[in-house]
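These notes concern the structure reproduced below.
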Amino acid sequence: MKSRRSLTVLTATLAATAMAMAGCVAGEGSNLTGDDEATASGAWSADTLSLDFATYNPLSLIIREQGWIEDAVGDDVEVTWTQSLGSNKANEGLLAGALDVGSTAGSAALLARANGSPIKTIDIYTQPEWSALVVQADSDIDSVEDLRGATVAVTIGTDPYFFLLQALDEAGIDPNEVEIQNLQHADGGAALVNGSVDAWSGLDPMMATTEADNDTRLVYRNVDFNTYGFLNATEEFLEQSPDLAQLVVDAYERARQWALDNPDETAALLAEVSGIELAIAEVVLLERTTIDLDPAPGDAQRTVLEAVGPIQVANGDIASQDLVDEALASLFEPRFADNADPSRVGQ
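Just so we're on the same page, the numbering used here is the position in the sequence shown counted from 1, plus 2.
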């Protein structure tokens with residue numbers, strides 16, 4: 003029997019709550035309690051579980067649609083699904099305690115951890131090429147160098163933001179030479195289309211939608227500037243509910259398997275939730291997203307973030323390189339992915 007399930011959307015109230023947080027929650031986790039033990043005993047470690055889903059995290063859409071977690075916990079745990087409209091909103095939800103588990107880009111997870119948010123990365127859901135620099139088709143901007151003096155829309159604290167900073171750094175452009183407008187992803191795309199900004203550091207699937215529907219073009223792409231999709235949990239949740247954390251990661255690995263076996267259905271689900279055409283969803287998933295990868299956070303992700311961290315420091319988003327180094331040393335918690343067993347859910 004499926005448990006009660008509620009759906010909410012993160013609001014600006016979370017940002018105010020996040021601002022009030024001054025330090026980290028103590029504790030680095032405890033010994034893993036397996037799902038088999040919890041299920042056999044009929045008792046889970048908590049009676050609520052707060053998860054997010056996001057159009058930039060296709061595995062979350064599958065898990066929510068299939069109801070695997072609800073089936074596993076039955077009536078013992080109330081599962082709440084909250085839509086994250088961007089990595090910054092997921093980070094706000096985690097920091098405010100509105101989410102136990104939330105999905106972000108890797109760069110946003112590093113930013114949050116370095117600035118005191120008590121989160122750990124427990125799974126890598128995808129490696130997407132989800133960011134690029136977008137302009138109108140008839141724009142005079144043909145390269146990153148042409149952005150000097152331009153107005154660029156981007157959501158600060160998300161992967162497109164750090165994609166923009168890396169692109170500017172590579173081109174030798176100081177961020178102060180560009181007028182950055184902090185807009186949520188969809189609003190940034192709309193601002194580009196209506197001519198309010200000159201360029202947009204976009205995020206799929208919205209980016210692919212503007213290409214198809216509004217005659218925009220990608221002026222700069224670089225897959226190496228896109229960080230991975232990080233599934234993060236609060237330290238408090240991992241310490242108090244390792245059984246539920248393992249269940250979530252098991253479900254993510256079941257969803258990975260399902261997505262690889264059912265690409266057409268996965269694209270259709272993304273199209274439905276995002277409100278986009280199926281052809282656009284297929285571009286996002288089949289051409290710009292790697293799903294078949296090692297889910298345990300480790301060296302590959304650390305290498306990417308080691309390049310992003312100094313840019314975050316130089317731009318003033320993180321106070322010092324020492325904080326970056328400390329965050330990189332403490333962010334990853336691979337034990338749940340290492341112990342993941344997709345056969346424990348969805349059967």
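No residue lacks a Cβ here, since even glycine has one placed at the ideal position from N, Cα and C.
Are the CB atoms of residue j and residue i within a distance shorter than 8 Å?
i: Ala114; j: Asn93; result: yes
i: Leu262; j: Asp294; result: yes
i: Val347; j: Trp46; result: no
i: Gln183; j: Thr153; result: yes
i: Ser62; j: Leu96; result: no
i: Ala169; j: Leu194; result: no
i: Val136; j: Gly204; result: yes
i: Asp343; j: Asp252; result: yes
i: Gly104; j: Asp54; result: yes
i: Ala273; j: Met209; result: no
i: Trp260; j: Ile126; result: no
i: Ser52; j: Ala100; result: yes
Which term fits residue i, buried or exposed, when burial requires 16 or more other beta carbons within 10 angstroms of its beta carbon?
i: Asn59; result: buried
i: Asp327; result: exposed
i: Thr236; result: buried
i: Gln314; result: buried
i: Leu288; result: exposed
i: Val225; result: exposed
i: Leu166; result: buried
i: Gly76; result: exposed
i: Gly151; result: exposed
i: Ser345; result: exposed
i: Asn228; result: buried
i: Pro299; result: buried
i: Gly191; result: buried
By DSSP, does residue i sit in helix, in strand, or in coil?
i: Ala305; result: A quick correction: the sequence has Thr, not Ala, at residue 305. Helix, per DSSP.
i: Ile175; result: coil
i: Pro344; result: helix
i: Glu131; result: coil
i: Ala339; result: helix
i: Ser52; result: strand
i: Asp189; result: helix
i: Thr268; result: helix
i: Gln349; result: coil
i: Ala316; result: helix
i: Ile65; result: helix
i: Ala18; result: Confidence at Ala18 is low in this model, with a pLDDT of 35, below 50, so its placement is unreliable and no value can be given for it.
i: Asp140; result: coil
i: Ile158; result: coil
i: Asp125; result: strand
i: Glu181; result: strand
Kindly list the residues whose CB is nearer than 6 Å to the CB of residue i, restricted to its own chain and excluding five residues on each side of it in sequence; keep chain order.
i: Asp217; result: Ala139
i: Ile278; result: Pro207, Thr211
i: Phe232; result: Thr106, Gly108, Ala111, Thr123
i: Thr291; result: Thr128, Pro130
Given residue i, which residues of its chain have a CB within under 7 Å of its CB, disregarding the five upstream and five downstream residues?
i: Leu240; result: Gly31, Lys122, Ala247, Glu335
i: Ser243; result: Ser47, Ala48
i: Asn317; result: Leu167, Pro177
i: Asp144; result: Val221
i: Ala42; result: Unreliable positioning characterises Ala42 in this predicted model, as indicated by a pLDDT of 41, which lies under 50. The coordinate reading is nonetheless provided below. The answer is none, since no qualifying residue turns up.
Is residue i near the ligand GTP, judged by its Cβ being under 7 Å from some heavy atom?
i: Glu238; result: Looking at this structure, you won't find the ligand GTP or any other ligand, since it has none at all.
Within 8 Å (strictly less), CB to CB, does residue i reach chain C?
i: Gly174; result: Among the chains in the structure shown there is no chain C, since it carries only a single protein chain.
Go through its chain and collect everything with a Cβ distance to residue i's Cβ below 8 Å, but skip five positions before and after it.
i: Ala302; result: Tyr230, Asp296
i: Arg258; result: Leu61, Tyr127, Ile293, Asp294, Pro297, Pro344
i: Asp142; result: Asp148
In chain order, each beta strand (DSSP E) run of at least 3 residues that lies wholly inside the stretch 72-123:
80-85, 103-107
### Task
Can you check the stretch 192-252 for any beta strand (DSSP E) of at least 3 residues that lies completely inside it and give the ranges in chain order?
201-205, 218-222, 231-236
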